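Under the numbering used here, read the sequence shown as residues 435 to 537, first letter to last.
By construction, the Cβ of each residue, glycine as well, lies at the ideal position given by its N, Cα and C atoms.
Please read all numbers here as calculations on a predicted model, not as lab measurements.
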Amino acid sequence: MMWLVLVIAGFFELAFTVCMKLSNGLKNVKYTILTVICSCTSIGLLSVATKTLPLGVSYAVWTGLGTLFNVLFGIIVFKEGKSPRKLAFMALVLLGVIGLRLA
């Protein structure tokens with residue numbers, strides 16, 4: 435159950451960073467408010483997950499998933515580059531997250 439909470443926290447990390455980008459340097463009030471709400475939700479869910487999961491593993495998975503979600507979102511929505519090296523390193527991050535889950 436806490437692993438699902440951690441994945442949801444990762445999605446809120448994606449929402450937080452996307453809203454931060456859309457806030458235009460925190461000048462757009464609507465997206466600035468959403469940035470704060472999503473970041474607090476993400477950190478709050480991480481805090482819940484750390485009640486039963488090890489802190490180091492929780493933090494590594496949270497940041498790893500957030501990184502993966504953000505890179506994929508950037509490629510799909512913001513049309514950012516997807517070089518073979520970028521995809522290979524994303525695969526390594528994913529392998530690390532899966533490895534931590536299995537360990």
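Each residue's CA atom was taken as its position, placing Ser517 and Thr466 some 31 Å apart. When the beta-carbon positions are compared, Leu536 and Leu487 stay at least 9 Å from each other. Around the beta carbon of Cys474, fewer than 16 other beta carbons sit within 10 angstroms, so the residue counts as exposed. Taking Met435 as reference, the option from Lys485, Val452, Gly508 and Leu468 with the minimal CA-CA separation is Lys485. Around the CB of Phe523, fewer than 16 other CB atoms lie within 10 Å, so the residue is classed as exposed.
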